[in-house]
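Protein chains in written order, with this note's numbering: chain Y, 119 to 439; chain D, 246 to 496. Glycine included, each C-beta is placed from N, C-alpha and C at the ideal position.
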Ligand SMILES: Nc1nc2c(ncn2[C@@H]2O[C@H](COP(=O)(O)OP(=O)(O)OP(=O)(O)O)[C@@H](O)[C@H]2O)c(=O)[nH]1
Ligand SMILES: Nc1ncnc2c1ncn2[C@@H]1O[C@H](COP(=O)(O)OP(=O)(O)O)[C@@H](O)[C@H]1O
Ligand SMILES: [Mg+2]
Ligand SMILES: [Mg+2]
Ligand SMILES: [Zn+2]
Ligand SMILES: [Zn+2]
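Quick look at the structure:
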């Protein structure tokens, strides 16, 4: 049995697959809940165990938790604005990678991201094709509420619901039919607090979080609860959050991160950088040794600017910097 | 000519989405037009005209805009044909949350926005339930979590519809929507076609201009609220809950 249910405790099984409790109760086995510490092997016979295993399989399929994970997305080049063939003929981005997208305004950055979101099949102005795990994907990625390829994080997003952090995360977990919601909520909250630097409580209303705290909560929540394998970041603002750690969290949760940015620090944090012009991917480059070394210096500059901002805020003069 | 009905609560972004979507068809050299239905006032027609879209508007005045819509939709289709349009769109703001302008065999779009609250999908009933495509707007100003929660609420009300996120300001997602508009059947007339949902049966004295309050003045289809229900039980008079009607009031 792949799930090895017999070795797990009742408590663990209920936490991992919350729907199991109801199923057991429906089958007259509800009193199992009274012995949270016991292993299933002590309580159920082989037939009951295999029935339960089958039921969990069906539910996971229904909930989409059993779906093949998105491991990579491949973009096959189309044509530039002038109709010439796209110089980059193929770009594959894998889970755990951070890709930066740079190019002047109007060059086609948004269109590239939209092609990915829409899993283009040569049916967009660029003629690009997008495949998932090497396969031409299903229509579900285009139209369903559960399967969206791309989650978005951007500067001007706010929380509009009037709920506490915990209620808010609960609501999101519920709508995602998440297993083990309590563990996920704790994890999001811990991470968000680490990212923001200034801690907030689970009963803080989301609408009264500071800018940095909101951004931190959005990132941690998207990392853990969003169904989308690709996360698109439109400039993470400098104020108040640790950007390297934000990327680390997304990578740890097996996201593919795409960033449209002109911020040199963010651009150099990426694993690769796609250069867009004239509606086409011109080339894909990896940061050089020299660039990586410069990243250190840029971070120091950044810290310097932050401290100057802080001093201004405190009413100091900047005669000496 | 392709005909598309667009409905949605007031200010949900219908006009913005229609303009951005039609832009893609205009670029393709298609001739496009819109008929806007509203109650008392609209300046949407100005916006459409500015964007090179042929436009007519209909103000329902004291009537429900959707009743007014059905009574006039065939004329609108004929106008579109005369103008030689490739695509005709009707825009109406379902003001009573009970009506739905959607017609069988005509592509039905419902535009609803992320800011309207997670309860809205349940509240707006037929115009959402009967739509083929649900467009969700204003995703640019809410968090990813709220977008996902909202989309799942929409899915609970209408699980068959295709769901698209469109930004009415930048047009993100509008190209994708436009591909669904051109993929529809041609409409030569709507004569004899059927509404997907019947309009509310009621025409009470208040619909007809009565302003005095009291049973003596209530005629036609009147339904009295039951205040005796224990709390927590199904409440009276939800938009989907038509229940049995009491006809007649006083006199
Ligand atoms: N931020 C944001 N604003 C939007 C979006 N879509 C529409 N809006 C704005 O929302 C307001 C209402 O949009 P309209 O397109 O006029 O809405 P409508 O549904 O046509 O309104 P009525 O016809 O009056 O019922 C306008 O100020 C739009 O600019 C969106 O995706 N994001
Ligand atoms: N390869 C292409 N062929 C045709 N049009 C394109 C192509 N790439 C981009 N466009 C169009 O160019 C315009 C500007 O692109 P956009 O992605 O918004 O630029 P950016 O986000 O870099 O400012 C959009 O209307 C887009 O659809
Ligand atoms: Mg852009
Ligand atoms: Mg409008
Ligand atoms: Zn009505
Ligand atoms: Zn009435």
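DSSP state of residue 420(D), grouped into three classes?
helix
To the nearest angstrom, report how far apart residue 248(Y) and residue 419(Y) are at their CA atoms.
39 Å
From residue 315(D) to residue 322(D), what distance separates their C-alpha atoms?
Residue 315(D) and residue 322(D): Cα-Cα distance of roughly 11 Å.
For the beta strand (DSSP E) that residue 382(D) lies in, which residues bound it at each end?
378-382
Tell whether a beta-carbon distance below 9 Å holds between residue 353(D) and residue 375(D).
yes
Note down the Cα distance separating residue 246(D) from residue 274(D), rounded to an integer number of angstroms.
14 Å
Quick check: residue 347(Y) and residue 213(Y), are their CB atoms within less than 9 Å of each other?
yes
Do residue 356(D) and ligand 1 come close, with the Cβ less than 8 Å from some heavy atom?
At least one heavy atom of ligand 1 sits closer than 8 Å to the Cβ of residue 356(D).
Opposing strand residues paired with residue 282(D) [DSSP bridges]:
303(D), 337(D)
So what does DSSP say about residue 421(Y), is it helix, strand or coil?
helix
Can you tell me where the beta strand (DSSP E) holding residue 355(D) begins and where it ends?
352-358
Report yes or no: do three or more beta-carbon pairs, one from the stretch 245-260 of chain Y and one from the stretch 387-394 of chain D, lie closer than 8 Å?
no
Measuring alpha carbon to alpha carbon, tell me which of 296(Y), 142(Y), 240(Y), 414(Y) ends up nearest residue 421(D).
240(Y)
Could you check the C-alpha separation between residue 359(D) and residue 383(D) for me, to the nearest Å?
6 Å
Listing by chain order, which chain D residues have their CB less than 7 Å from the CB of residue 290(Y)?
Using a Cβ-Cβ cut-off of 7 Å, residue 290(Y) is close to 390, 393, 394 of chain D, given in chain order.
Counting only beta-carbon separations shorter than 9 Å, does residue 318(Y) have a partner in chain D?
no
Note down the Cα distance separating residue 336(D) from residue 419(D), rounded to an integer number of angstroms.
16 Å
Of all Cβ atoms in chain D, is any one closer than 9 Å to the Cβ of residue 340(Y)?
yes
Can you tell me whether DSSP reads residue 490(D) as helix, strand or coil?
Confidence at residue 490(D) is low in this model, with a pLDDT of 37, below 50, so the placement of that residue is unreliable and no value is reported for it.
Restricting to Cα atoms, I'd like to know which of 262(D), 341(D), 347(D) is closest to residue 248(D).
347(D)
With DSSP collapsed to three states, give me the class of residue 496(D).
Model confidence at residue 496(D) stands at a pLDDT of 36, short of 50, so the residue's coordinates are unreliable; what they give is reported in the following sentence. Residue 496(D) falls in the coil class under three-state DSSP.
Would you mind telling me which residues of chain D sit closer than 7 Å to residue 242(Y), beta carbon to beta carbon, in chain order?
Within chain D, the C-beta atoms nearer than 7 Å to that of residue 242(Y) come from 420, in chain order.
Environment of residue 361(Y) [buried if 16+ CB atoms lie within 10 Å]
buried
Chain D partners of residue 278(Y), CB-CB under 7 Å?
Correct list: 360, 387, 391.
Residues whose Cβ lies closer than 6 Å to any heavy atom of ligand 4, in chain order
259(D), 260(D), 289(D), 336(D)
Just to check, is the beta-carbon of residue 102(Y) closer than 8 Å to a non-hydrogen atom of ligand 1?
Nothing can be reported for residue 102(Y), as the shown portion of chain Y is limited to 119 through 439.
Min CB distance residue 287(Y) to chain D below 9 Å
yes
For residue 444(Y), which of 294(Y), 236(Y), 417(Y), 328(Y) has the nearest alpha-carbon?
As shown, chain Y starts at 119 and ends at 439. That puts residue 444(Y) outside it, with no answer to give.
Closest Cβ-Cβ distance between residue 274(D) and chain Y: below 9 Å?
no
Please return the same chain residues whose Cβ sits closer than 8 Å to the Cβ of residue 194(Y), not counting the five positions on each side in sequence.
207, 208, 246, 247, 248, 249
Along the chain, where does the alpha helix (DSSP H) that runs through residue 263(D) open and close?
Where residue 263(D) is concerned, the enclosing alpha helix (DSSP H) stretches over 259-272.
Give the secondary structure of residue 321(D) by DSSP, where H, G and I count as helix, E and B as strand, and everything else as coil.
helix
What first and last residue would you give for the alpha helix (DSSP H) that runs through residue 365(D)?
365-368
To test your reading of the DSSP string, which unbroken alpha helix (DSSP H) runs of 4 or more residues are found completely within the stretch 311-370 of chain Y?
329-343, 361-370
Chain Y residues whose Cβ lies nearer than 8 Å to that of residue 417(D):
228, 232
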